[in-house]
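Following: one structure in structure tokens, then a few remarks.
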Amino acid sequence: MTRYVTMRLLVIIPTLFATLMIVFLLGYLGPIDPVTILRSQWAAQGIFLNQEELADLRHQYGLDRPFWDQFGTYMGNLMQGKFGYSFADAAPIWPRIERALPVSGQLALGVLFIMFFIGIPLGMIAARFHNTWIDYSIVSTSLFFWSIPVYVLVPVVLIIAVLWLDIMNVPRGWKGMGHPSYYIACAIISTRSLVSVIRQTRGGILEVLQNDYVRTARAKGLTEVKVMVRHVARNALIPVVTSLGLLVDDFMWGAVFLELAFNLPGLGRLFQQGLAGRDFNMINGVVLFTAGLTMAINLIVDLVYPFLDPRVAYD
Amino acid sequence: MAQEDASSTAKLQLELEAQNLKTRGLWTDAFKRLIRNRLSMVGLFIFVLLFITAIFGPYIAPYPYMLQNLDRVAEGPSIDYLLGTDDLGRDMFSRILWGARTAGIVAIISTTFSLILGIVLGGLAAYMGSWADWIISRAVDVTMSIPQLLFASLMAATFRKPVADWVDTMYARTGLGFFATPTYVDLIVVFGALALIQWPAYARMIRGQILSLREKEFVEAARAVGVGQVKVLLKHLIPNALGPLIVLVTFGFGGAIVAESGLSFLGVGVQPPQASWGAMINDNQLSWRYRPWLVAVPGLTIAIVSVGINFLGDGLNDALNPRQADS
């Protein structure tokens, strides 16, 4: 077990390193650097910089140094737990990520909640009524919602709920978990993950139902509920748990668009701001955090796996 | 004599049966299953319609995509402008038709790019094994651990200038009109970014398919009776791997269209004034309250196309991989 964890960690560290290097390299190669953006911002206020001043600024930020030099400095700072400073306003990056985390975390919590309490039951119902209209409607409705991207869903929801039905105001800004806007945000951002869960649960249950031990359980007179809960669901939900790592990707897809539209101060908006301002340190910070999170979730899932499925053991 | 007759009749019957069996091959069966599925037929219709629009749309569009009529800015749908005009007085209907071309080109070319990358790298990983497999698998892991949208938008932002420079030098050198159009810069950038995020899915599937099919009993049986390497590949491996691949490619089409619109929405994809559905949503986002159709029309178009393609993909999945679909 210890050996397995060590091996996995030994793979995660170089993978994260490679990820960061690719992202850093993209920023380094990119035509527009933070100084270009700063220049245009100042130009908008009537302050025009000449080439020498721009070169000075680049030198000051260290942007004129060779790639390995810049990357080395960044990694060195990272080792000490420093995420660097924003190029846009010279504020440190980490406090901003730290402030964004609770917002993204609470949204993610809502998504998880919806997945477990709506996704899994719907998947079980679809499997239980396999090849009936109930199954077909659950499967096709979920595929329908899965197909619609968040940046389409947001304006459509706004048009329907605000303009037509007039049941709410435009949800802008973060108002905490109790506020109705939180539920709308969660509902919109969870569509993709919800559908993945429904489909996986349904597929898993249909597969498990064909096993002999299910027939045995029924034959010995267990009630259908007991068969489903004790024998079927436990085995069928293993693949659902193992794919939790994919959630981060779906979540970030949605978060970038949703937080932009509703002006939520989460990780997605930080990334969008970083991208718009070519604020490399900000982009690196967000990517590092999300990539690290994906790998951490995958590792945790693998470690929990033996408890879900006793046949699997790491030596 | 009578015995001979009987045996020849039996032989004939066997041959007939064999013929009958032949006409009900893998693909005919799959096709029949696909046709029975009404939703996927609707999907197929939308899919075909998208590509017809992508090819012929610009010719049937009533106005050029850039033409502004400043007398009739931000109008609702009318006979002159079927879906209204946007804030700059451009015909929405024409822009939707032009946007179909953008979406269609992006879907086909970026999927082809990533498919080729995936087949080559996935095949290499499966056949070479050892270090090649290790390197390619790690590359897949790294690419998949970066949230895809973040990666693609970052790449699209980075590669625009180099590609634009390259296109300029190509124009200066060759004088081809093709290189004089700034649209192609956007498209090349988007193809590149999408191909680079999509190839790992293909590579992983192809590697997995080859590795698992190679160990299957029917391949072993074919080898045991002396079927050659090439024939095993052509007759047994490829037809069996093709089903899942077709499904993945279909979903890939839908994914590419949604991703292109997403990049354009964020402002790093196809640039204005070129028509892209995502950019159209972004352009008109602020006026949703007063002129909702400006946002709703491109939004619903993306939604319909994406839903249609995914229903087709789902139907294909049921038709081509019946064992997986049943279980």
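Going down the list, the protein sequences come from chains G and L.
Count the first sequence with this note's numbering and you get residues 1 to 315, in order.
Count the second sequence with this note's numbering and you get residues 1001 to 1327, in order.
Think of the CB as a built atom: it goes at the ideal place given N, C-alpha and C, for glycine as much as any other residue.
**Report entry** Three-way DSSP call (helix, strand, coil) for Tyr85 of chain G in this model
**Finding:** One-based indexing of the first sequence puts residue 85 of chain G at position 85. In this structure, Tyr85 of chain G counts as strand in the three-state DSSP scheme.
Query raised in the report: Thinking C-alpha only, which one of L:Leu1070, L:Val1227, L:Thr1053, L:Arg1036 is nearest Arg1095 of chain L?
Result: Working through the second sequence from its first residue, we reach residue 1095 of chain L at position 95. Nearest C-alpha to Arg1095 of chain L among L:Leu1070, L:Val1227, L:Thr1053, L:Arg1036: L:Thr1053.
Query - Residue from L:Tyr1059, L:Gly1243, L:Asp1186 whose Cα sits closest to the Cα of Lys1161 of chain L - result: To locate residue 1161 of chain L, count along the second sequence from 1; it is residue 161. For Lys1161 of chain L, the nearest C-alpha among the options comes from L:Asp1186.
Query - Rounded distance between the beta-carbons of Arg1204 of chain L and Val1140 of chain L, thought under 8 Å - result: Working through the second sequence from its first residue, we reach residue 1140 of chain L at position 140. Working through the second sequence from its first residue, we reach residue 1204 of chain L at position 204. At roughly 6 Å, the Cβ-Cβ gap stays under 8 Å, so Val1140 of chain L and Arg1204 of chain L are in contact.
Query raised in the report: Does the beta-carbon of Gln41 of chain G have 16 or more other beta-carbons within 10 angstroms, so that it is buried, or is it exposed?
Result: Within the first sequence, the letter at position 41 stands for residue 41 of chain G. So Gln41 of chain G ends up on the exposed side.
Query raised in the report: With 16 other CB atoms within 10 Å as the buried threshold, where does Gly1313 of chain L fall?
Result: On the second sequence, position 313 is the one that residue 1313 of chain L refers to. When all chains shown are included, Gly1313 of chain L counts as buried.
Query raised in the report: Does any CB atom of chain L fall closer than 8 Å to the CB of Gln60 of chain G?
Result: By 1-based counting over the first sequence, the position of residue 60 of chain G is 60. Closer than 8 Å: no.
**Report entry** Interface flag, Ser1327 of chain L vs chain G, CB-CB below 8 Å
**Finding:** As a first step, residue 1327 of chain L is located in the second sequence; it is residue number 327 there, counting from the start. Unreliable placement is indicated for Ser1327 of chain L, whose pLDDT of 40 sits below 50; no coordinate value is reported for it.
Requested in this report: State the CB to CB distance for the pair Ala1344 of chain L and Ala1195 of chain L, rounded to an integer number of angstroms; the pair is presumed to be in contact (CB under 8 Å).
Outcome: Residue 1344 of chain L lies beyond the stretch modelled for chain L, which goes from 1001 to 1327, so this question has no answer here.
Query - C-alpha gap between Gly1254 of chain L and Ile189 of chain G, whole angstroms - result: Working through the second sequence from its first residue, we reach residue 1254 of chain L at position 254. Working through the first sequence from its first residue, we reach residue 189 of chain G at position 189. Cα to Cα, the separation comes out at about 19 Å.
Query raised in the report: Are the CB atoms of Asn1207 of chain L and Ala1303 of chain L nearer to each other than 8 Å?
Result: Position 207 of the second sequence, counted from the first residue, corresponds to residue 1207 of chain L. Position 303 of the second sequence, counted from the first residue, corresponds to residue 1303 of chain L. The displayed chain sequence assigns Arg, not Asn, to residue 1207 of chain L. Against a cut-off of 8 Å, the Cβ pair of Ala1303 of chain L and Arg1207 of chain L comes out as no contact.
Query raised in the report: Is the stretch 1281-1288 of chain L touching the stretch 120-130 of chain G in the sense that three or more CB pairs, one from each, lie closer than 8 Å?
Result: No: fewer than three Cβ pairs fall under 8 Å.
Report task. Can you tell me which of the three DSSP states Thr1250 of chain L falls into? Result -> Working through the second sequence from its first residue, we reach residue 1250 of chain L at position 250. Three-state result, Thr1250 of chain L: helix.
Report task. Quick one: list the residues of chain L neighbouring Trp133 of chain G, beta-carbon separation under 8 Å, in chain order. Result -> What you label residue 133 of chain G is simply residue 133 of the first sequence in a count that begins at 1. Neighbours of Trp133 of chain G in chain L, taken as residues whose beta carbon is under 8 Å from its own, are absent, since the nearest beta carbon is some 13 Å off.
Query - CB of Val1190 of chain L within 8 Å of CB of Ser1110 of chain L, strictly - result: On the second sequence, position 190 is the one that residue 1190 of chain L refers to. On the second sequence, position 110 is the one that residue 1110 of chain L refers to. Taking a C-beta distance under 8 Å as the contact criterion, Val1190 of chain L and Ser1110 of chain L qualify as a contact pair.
Query raised in the report: Distance, Cα to Cα, Val232 of chain G vs Val287 of chain G?
Result: Here residue 232 of chain G is taken as the residue at index 232 of the first sequence, counted from 1. Here residue 287 of chain G is taken as the residue at index 287 of the first sequence, counted from 1. Whole-angstrom Cα-Cα distance: 38 Å.
Report task. Specify whether the stretch 69-77 of chain G and the stretch 153-162 of chain G touch according to this definition: at least 3 beta carbon pairs, one from each stretch, less than 8 Å apart. Result -> No: fewer than three Cβ pairs fall under 8 Å.
Query - Same chain, Cβ closer than 7 Å to Val103 of chain G, neighbours up to 5 away in sequence not counted - result: Numbered from 1 along the first sequence, position 103 holds the residue referred to as residue 103 of chain G. Same-chain partners within the cutoff: Trp174, Leu264, Pro265, Gly266.
Query - chain L within 8 Å of Leu122 of chain G, Cβ atoms only - result: As a position in the first sequence, residue 122 of chain G is number 122, starting the count at 1. Taking Cβ atoms only, chain L never reaches closer than 8 Å to Leu122 of chain G, which makes this a no.
Query raised in the report: Given Phe87 of chain G, which residues of its chain have a CB within under 6 Å of its CB, disregarding the five upstream and five downstream residues?
Result: Position 87 of the first sequence, counted from the first residue, corresponds to residue 87 of chain G. Hits under 6 Å: Pro34, Asp279.
**Report entry** For Pro92 of chain G: DSSP bridge partner residues
**Finding:** Here residue 92 of chain G refers to the residue found at position 92 of the first sequence. Residue pairing by DSSP puts Pro92 of chain G in a beta bridge opposite G:Tyr85.
Query - Pro265 of chain G: contacting residues in chain L (beta-carbon distance under 7 Å) - result: Sequence index remark: in the first sequence, residue 265 of chain G carries index 265 (1-based). The contacting residues do not exist; Pro265 of chain G stays about 18 Å from chain L at best.
Report task. Out of G:Val150, G:Pro239, G:Ala219, state which residue places its alpha-carbon closest to the alpha-carbon of Met252 of chain G. Result -> Taking the first sequence and counting its residues from 1, the one referred to as residue 252 of chain G is at position 252. With distances taken between CA atoms, Met252 of chain G lies nearest to G:Val150 out of G:Val150, G:Pro239, G:Ala219.
Query raised in the report: Taking Cβ positions only, does Val157 of chain G come closer than 8 Å to chain L?
Result: To locate residue 157 of chain G, count along the first sequence from 1; it is residue 157. Chain L, which has no Cβ nearer than 8 Å to the Cβ of Val157 of chain G, makes this no.
**Report entry** C-beta neighbour in chain G for Thr1102 of chain L, strict 8 Å
**Finding:** As a working note, residue 1102 of chain L is residue 102 in the second sequence. By this cut-off, Thr1102 of chain L is not an interface position.
Report task. Please report how far the alpha carbon of Gly327 of chain G lies from the alpha carbon of Ile22 of chain G, in whole angstroms. Result -> Beyond the ends of chain G as shown, which are 1 and 315, falls residue 327 of chain G; an answer cannot be given.
Query raised in the report: Hey, is Thr294 of chain G's beta-carbon within less than 8 Å of any beta-carbon in chain L?
Result: If you number the first sequence from 1, residue 294 of chain G lands on position 294. Closer than 8 Å: yes.
**Report entry** Endpoints, alpha helix (DSSP H) assigned at Asp309 of chain G
**Finding:** Residue mapping note: residue 309 of chain G aligns to position 309 of the first sequence, counting from 1. Run containing Asp309 of chain G: none; DSSP gives neither H nor E here.
Requested in this report: Take Ala1103 of chain L as the anchor and find which of L:Phe1311, L:Asn1321, L:Ala1259, L:Leu1117 has the nearest alpha-carbon.
Outcome: As a working note, residue 1103 of chain L is residue 103 in the second sequence. For the set L:Phe1311, L:Asn1321, L:Ala1259, L:Leu1117, the Cα lying nearest the Cα of Ala1103 of chain L is the one of L:Ala1259.
Query raised in the report: Are the C-beta of Phe83 of chain G and some C-beta of chain L separated by less than 8 Å?
Result: Position 83 of the first sequence holds residue 83 of chain G. Phe83 of chain G does not count as touching chain L.
Query raised in the report: In whole angstroms, what separates the C-alpha of Val111 of chain G from that of Ala185 of chain G?
Result: For the purposes of this step, residue 111 of chain G is identified with residue 111 of the first sequence, where counting begins at 1. For the purposes of this step, residue 185 of chain G is identified with residue 185 of the first sequence, where counting begins at 1. Rounded to whole angstroms, Val111 of chain G to Ala185 of chain G spans 10 Å at the Cα level.
Report task. Output yes or no for whether 8 Å exceeds the beta carbon distance between Val248 of chain G and Thr290 of chain G. Result -> Numbered from 1 along the first sequence, position 248 holds the residue referred to as residue 248 of chain G. Numbered from 1 along the first sequence, position 290 holds the residue referred to as residue 290 of chain G. At the C-beta level, Val248 of chain G and Thr290 of chain G come within 8 Å of one another.
Query - 7 Å Cβ shell around Phe1051 of chain L - same chain, five flanking residues per side excluded - result: Along the second sequence, read from residue 1 onward, the residue named residue 1051 of chain L stands at position 51. Correct list, in chain order: Gly1104.
Query raised in the report: Rounded to a whole number of angstroms, what is the C-alpha to C-alpha distance between Ser1327 of chain L and Leu194 of chain G?
Result: As a first step, residue 1327 of chain L is located in the second sequence; it is residue number 327 there, counting from the start. As a first step, residue 194 of chain G is located in the first sequence; it is residue number 194 there, counting from the start. Residue placement at Ser1327 of chain L cannot be trusted, given a pLDDT of 40 that sits under 50; what the coordinates show is reported in the next sentence. Distance between the alpha carbons of Ser1327 of chain L and Leu194 of chain G is about 21 Å.
**Report entry** From L:Asn1284, L:Pro1058, L:Pro1200, residue whose alpha carbon lies closest to that of Val1249 of chain L
**Finding:** Residue 1249 of chain L sits at position 249 when you count from the first residue of the second sequence. That would be L:Pro1200, whose Cα lies nearest to the Cα of Val1249 of chain L.
**Report entry** Residue range of the unbroken alpha helix (DSSP H) whose run includes His403 of chain G
**Finding:** No information on residue 403 of chain G is available, as it lies outside the stretch 1 to 315 that chain G covers here.
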